[in-house]
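Structure record follows, encoded as structure tokens.
As structure tokens, this is what we get:
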């Protein structure tokens with residue numbers, strides 16, 4: 011019995027340093043809040059790609075975090091990735107439908123897309139008047 015106890019103690023002494031090093035390493039890793047705060051600071055400095063990278067990392071750990079989805083939407087919108095922004099805002103509103111800020115961002119971004127689509131419609135022919143006209147109005151000659 012003494013031999014087995016000695017072996018266990020030796021194993022424990024061999025393993026203990028690795029466990030403490032691993033635990034120390036885990037404590038040194040940034041927390042979700044630290045990643046989020048870093049991303050917010052990056053966004054404040056308009057380092058949008060860095061903010062996107064950090065928020066994407068947070069979502070790998072906490073995919074149900076509505077705040078991070080919303081913030082990611084803001085960052086995507088800032089770099090012109092509107093489709094990704096809409097998806098991020100949409101996910102934030104799905105997770106927290108009562109949050110008026112998430113709904114506002116989602117709606118605003120979708121309206122921007124609609125406005126851009128209208129602007130990109132092909133221009134009408136040059137001989138068509140700029141003013142709307144009534145069909146069949148005798149005061150306006152037929153083309």
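Numbering (the working numbering), first residue to last: 11 to 153.
Ideal Cβ positions, reconstructed from N, Cα and C, are used throughout, including at glycine.
From a predicted model like this one, the values you see are computed outputs, not experimental measurements.
If you measure between the beta carbons of residue 58 and residue 81, is that distance less than 8 Å?
Taking 8 Å as the Cβ cut-off, residue 58 and residue 81 do not qualify as a contacting pair.
Just how far apart, CA to CA, sit residue 62 and residue 49?
Spanning the alpha carbons of residue 62 and residue 49 requires a straight line of approximately 7 Å.
Does DSSP put residue 32 in a helix, a strand or coil?
For residue 32, the predicted model reports a pLDDT of 45, less than 50, meaning its position is unreliable; a value from the coordinates is still stated below. Residue state, collapsed to three classes: helix.
Can residue 68 and residue 84 be called in contact, C-beta distance under 8 Å?
Contact check for residue 68 against residue 84 fails: the beta carbons are separated by 8 Å or more.
Rounded straight-line distance, which links the Cα of residue 47 to that of residue 41
Distance between the alpha carbons of residue 41 and residue 47: 10 Å.
Contacting residues, own chain, Cβ-Cβ under 7 Å from residue 52 (five flanking each side not counted)
The answer, listed in chain order, is 60, 61, 64.
What are the complete alpha helix (DSSP H) segments, minimum 4 residues, inside the stretch 75-126?
For the stretch 75-126, whole alpha helix (DSSP H) runs of length 4 or above, ordered along the chain, are 76-88, 92-105.
Which two residues bound the contiguous alpha helix (DSSP H) that contains residue 44?
Here the alpha helix (DSSP H) through residue 44 covers 42-54.
Minimum C-alpha distance to residue 76 - residue among 99, 56, 92:
Nearest to residue 76 by C-alpha distance, out of 99, 56, 92, is 99.
Could you give the distance in angstroms between the alpha-carbon of residue 2 and the alpha-carbon of residue 71?
What is shown of the chain runs 11 to 153, which leaves residue 2 out entirely.
Could you compute how far the alpha carbon of residue 122 sits from the alpha carbon of residue 96?
Residue 122 and residue 96: Cα-Cα distance of roughly 10 Å.
Taking C-alpha atoms, which residue in 130, 104, 87 lies nearest to residue 118?
Here the closest residue by C-alpha is 87.
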